[in-house]
Amino acid sequence: MVGADSVRYLPHCYSLWRRRGYRMNPLDNCMHCGLCLEECPTYLVSGDETNSPRGRLFLMRAVENNELEFSDIAESLDKCLACGACETACPSGVPYTHILEQQREGRQSAMARLLQRRLLSSHLGVRAVGILSRLGRRLGILNLIGKLGIQRLKAMSTAVPMHPQRFRSQPNQTWRADGELRGRVGLHVGCANGELFGDVLNDTIRLFNQQGFEVVRPPQPPCCGALHSHSGDSEFGRELAQTTMQAFDGELDAVIVAAAGCAAHLRASGDSNKPASKAQDPVVFLHQRGWRGNPQRVAMRATHSPPCHLRNLLGEDQIVTQALAQLPGLELLTLNEAEMCCGAGGVSFIRQPQVAAQVGDRKLDNIVASGTECVISGNPGCLMKLSADLRQRGLLVKALHPVTVLANAFSD
Numbered sequence: 039m040v041g042a043d044s045v046r047y048l049p050h051c052y053s054l055w056r057r058r059g060y061r062m063n064p065l066d067n068c069m070h071c072g073l074c075l076e077e078c079p080t081y082l083v084s085g086d087e088t089n090s091p092r093g094r095l096f097l098m099r100a101v102e103n104n105e106l107e108f109s110d111i112a113e114s115l116d117k118c119l120a121c122g123a124c125e126t127a128c129p130s131g132v133p134y135t136h137i138l139e140q141q142r143e144g145r146q147s148a149m150a151r152l153l154q155r156r157l158l159s160s161h162l163g164v165r166a167v168g169i170l171s172r173l174g175r176r177l178g179i180l181n182l183i184g185k186l187g188i189q190r191l192k193a194m195s196t197a198v199p200m201h202p203q204r205f206r207s208q209p210n211q212t213w214r215a216d217g218e219l220r221g222r223v224g225l226h227v228g229c230a231n232g233e234l235f236g237d238v239l240n241d242t243i244r245l246f247n248q249q250g251f252e253v254v255r256p257p258q259p260p261c262c263g264a265l266h267s268h269s270g271d272s273e274f275g276r277e278l279a280q281t282t283m284q285a286f287d288g289e290l291d292a293v294i295v296a297a298a299g300c301a302a303h304l305r306a307s308g309d310s311n312k313p314a315s316k317a318q319d320p321v322v323f324l325h326q327r328g329w330r331g332n333p334q335r336v337a338m339r340a341t342h343s344p345p346c347h348l349r350n351l352l353g354e355d356q357i358v359t360q361a362l363a364q365l366p367g368l369e370l371l372t373l374n375e376a377e378m379c380c381g382a383g384g385v386s387f388i389r390q391p392q393v394a395a396q397v398g399d400r401k402l403d404n405i406v407a408s409g410t411e412c413v414i415s416g417n418p419g420c421l422m423k424l425s426a427d428l429r430q431r432g433l434l435v436k437a438l439h440p441v442t443v444l445a446n447a448f449s450d
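Here's what the structure looks like:
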């Protein structure tokens, strides 16, 4: 099996080859071996070859050969969660996620693209979405929307956390380290964390301060562009990512990104002025630097459900698992099919709620079978999807970000 390290940079090699004029069609690299099938969540829940990476590549090739129209394959491509699991299994190193983004490029309606750009690339737009989400949850409006019977609206309304919190801070704000200074990092805020998971960002700051790191929050775009790229607006998404990274000066040890999907996107969009490695998962960064102090006992049964981008694109899921395993009293339970997507897939759970629900049900069955009290995942989209699914089943299992667990363990 080819590991994530082997295939992570193939899309960028492909882009380089194209710029230098080499003729290469990555669609031709697929050997039809089928090793990707058992890794693909949409194939596992449907058994339909057209919902597998191999089947989708076949359909894409048919469009290139003018044997099919894009409209004939649009539904199949839209059902893909872009989790990247197939790339870790592919012996040919087919850059499937990159190919998918290229196929989706320009397929959005002009209105949808304009709306997404206006909402997510402006502070006012992101703030408006956050205010409406928090008010809707507080006033019970989201509960009413969820009962209308419209699947996309239900998926959108139930995904909003029960107690959404906005991250309150000022541009250029600095949080001083506790004790001896070990370094200085920049905090990436982001759209979902900034408007709905402010508590996660506060826990990130608290954890880094406890560990001796000063945290700064420079002015930055409200969104890194990951959602744009997932939706077929990759060029604009790449521009947003590079603008985001340029907001952080070169004196920082890292840019801390408490969202695996955003971290993967920022790394993939890095340029020569801002190395891709600057964007770091908070737990991975601290674990590699070494922990300061002794954590308190954590009396909890938990399981780690790593975000797909952390596992399949960054290849760092085991580092987070190791960081959690060090906590005394934390019983880290084995999660069957831990590598399988939870169904969030960026905004796929809104675009394709039926597929997301099927994949989510399989993930939830495994969570219940583990006997856990808490499922830990380091991505806002995953936390939203997991929390919503747990609530709908009436389960008392919590969904927490790993920085929350670690910040509480290392608190004085």
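Numbering (our numbering), first residue to last: 39 to 450. All C-beta atoms in this analysis are idealised placements derived from N, C-alpha and C, irrespective of residue type, glycine included. Please read all numbers here as calculations on a predicted model, not as lab measurements.
Length of the line joining the Cα atoms of residue i and residue j
i      : j      : result
His268 : Ile137 : 12 Å
Ala455 : Arg175 : An answer regarding residue 455 cannot be provided, because it is not within the stretch 39 to 450 covered by the chain.
Asn63  : Pro133 : 11 Å
Ala301 : Asn103 : 35 Å
Ile388 : His303 : 20 Å
Asp355 : Leu182 : 37 Å
Arg99  : Arg142 : 14 Å
His500 : Gln146 : No answer is possible for residue 500: it lies beyond the span of the chain, which begins at 39 and ends at 450.
Arg172 : Gly178 : 10 Å
Ala112 : Ala382 : 19 Å
Leu153 : Leu278 : 16 Å
Gly217 : Arg330 : 11 Å
Val164 : Pro418 : 15 Å
Ile357 : Gln326 : 8 Å
Lys401 : Cys379 : 7 Å
Val293 : His226 : 7 Å
Leu170 : Ser130 : 46 Å
Ser307 : Thr126 : 20 Å
Ser17  : Cys118 : Given that the chain is displayed from residue 39 to residue 450, the structure contains no residue 17 and the question cannot be resolved.
Leu290 : His347 : 24 Å
Glu369 : His266 : 38 Å
Leu106 : Asp116 : 16 Å
Arg151 : Ser425 : 29 Å
Val413 : Glu139 : 30 Å
Gln430 : Asp66  : 43 Å
Cross-strand partners of residue i (DSSP beta bridge)
i      : result
Leu371 : Thr341
Arg255 : Gln211
Gln203 : Phe235
Ala279 : For Ala279, which the question treats as bridged, DSSP gives no partner whatsoever.
Leu225 : Ile294
Leu438 : Ile414
Gln318 : Ile294
Supposed contact pair residue j and residue i - C-beta distance, whole angstroms, cut 8 Å
i      : j      : result
Pro260 : Leu158 : 7 Å
Ser449 : Gln248 : 7 Å
Val254 : Thr196 : In fact, because the Cβ distance is near 35 Å, the residues do not count as touching under 8 Å.
Ala298 : Ser343 : With 8 Å as the limit, Ala298 and Ser343 do not qualify as a contact, their Cβ atoms being about 11 Å apart.
Arg244 : Ala445 : 5 Å
With 16 other Cβ atoms within 10 Å as the buried cut-off, status of residue i
i      : result
Gly184 : buried
Leu438 : buried
Gly209 : The sequence shown places Pro at residue 209, not Gly. So Pro209 ends up on the exposed side.
Cys71  : exposed
Met149 : exposed
Ala166 : exposed
Gln258 : buried
Asp86  : exposed
Pro391 : buried
Arg349 : buried
Thr372 : exposed
Ala363 : exposed
- [ ] Decide if the segment 88–98 is in contact with the segment 69–78; the criterion is three or more beta carbon pairs, one per stretch, under 8 Å apart.
- [x] The segment 88–98, when compared against the segment 69–78, does touch it at the 8 Å Cβ threshold.
Task: Three or more C-beta pairs below 8 Å linking the segment 217–225 and the segment 183–197 - done: As far as the Cβ criterion goes, the segment 217–225 does not touch the segment 183–197, which means the pair count is below three.
Open item on the list: Would the segment 403–416 count as touching the segment 325–336 if we require 3 or more Cβ pairs under 8 Å?
Closed with: In this structure the segment 403–416 does not lie against the segment 325–336, because fewer than three pairs of beta carbons, one per stretch, are closer than 8 Å.
Open item on the list: Under 8 Å: do the segment 224–242 and the segment 200–215 share three or more Cβ pairs, one atom per stretch?
Closed with: The segment 224–242, when compared against the segment 200–215, does touch it at the 8 Å Cβ threshold.
- [ ] Determine contact between the segment 280–298 and the segment 315–325, defined as no fewer than three beta-carbon pairs at a distance below 8 Å.
- [x] Yes, the segment 280–298 is in contact with the segment 315–325.
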